[in-house]
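Report on one structure; see the data block that follows.
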Amino acid sequence: PAAGSAASSLLKRYRPLETRAAGGFGSVEICLDSRLQRRVAIKRMPLASPDARTPLETTAAALAEARTASMLQHPNIVQVIDFTYDSAHAYLVMEYVDGMTLEEFLQQVEGHSLTYDEAACIADALVQALSFAHENGVLHLDIKPANVLIDHNGHVKLADFGMAMLASAAGFGGARGGTIGYMPPEPAQRRAG
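Every position in the sequence shown, counted from 1, becomes a number in the working numbering once 31 is added.
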């Protein structure tokens, strides 16, 4: 079947409950999986922008990144469940983490900073997630508080593996290196030089 009908067929399975995040690079909706009766998070990303590659290149890059992310099965990495696309968007179906981002958590705590124990716990979980990813040849490319999820039990998971690559493939400028303010200096130096 055509890509649009495949996406439509898959997405009929999910009932939107709430929009969790929305921005220039897409949106995240919390949905109910009608077949398995569980919540999932669906990230919808545009496949084009004014400086995009051809749709075929963008779709191939998005599919490759989704496949890579789906192979990373680790307790500290948000699991990718499925992927589809239509002519305008890619849809990444992911595990739902019932909690908040580290960014949201920091906004709520006094002084907007973590205790030593909280920081150590979060850092340990991130090191485990990144070590596993690196052992499997995968780089995250966009580590920031908005991509660190903390569930109601305090379990930490890293989200959005490959999203910087998907953003770049879709033509969203300098996204390949990550988010300004959180990215390492090397990509910025390469762009300037």
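Backbone N, C-alpha and C define an ideal beta-carbon position, used for all residues, glycine too.
Pick helix, strand or coil for residue i, following the three-state DSSP scheme.
i	result
residue 65	coil
residue 53	strand
residue 58	strand
residue 46	strand
residue 190	coil
residue 41	helix
Here's the rule I'm using: 16 or more other beta-carbon atoms within 10 Å means buried, otherwise exposed. How should residue i be labelled?
i	result
residue 72	buried
residue 135	exposed
residue 199	Annotation note: pLDDT 49 at residue 199 (below 50); position unreliable, no value reported.
residue 76	buried
residue 184	exposed
residue 167	exposed
residue 132	buried
residue 103	buried
Which residues does DSSP pair with residue i in a beta bridge?
i	result
residue 90	Answer is none; residue 90 lacks a bridge partner.
residue 180	132 and 188
residue 75	58 and 122
residue 70	63
residue 108	189
Within 7 angstroms of any Cβ in chain C, is that where the Cβ of residue i sits?
i	result
residue 66	Among the protein chains of the structure shown there is no chain C, as only one such chain exists.
Segments assigned alpha helix (DSSP H), at least 4 residues, entirely inside the segment 120-177: 133-139 and 147-166
Cβ contact (3+ pairs, closer than 8 angstroms) linking the segment 154-163 and the segment 97-108: yes
Given 8 angstroms, three or more beta-carbon pairs between the segment 38-45 and the segment 115-127: Counting C-beta pairs closer than 8 angstroms gives three or more between the segment 38-45 and the segment 115-127, which meets the contact rule.
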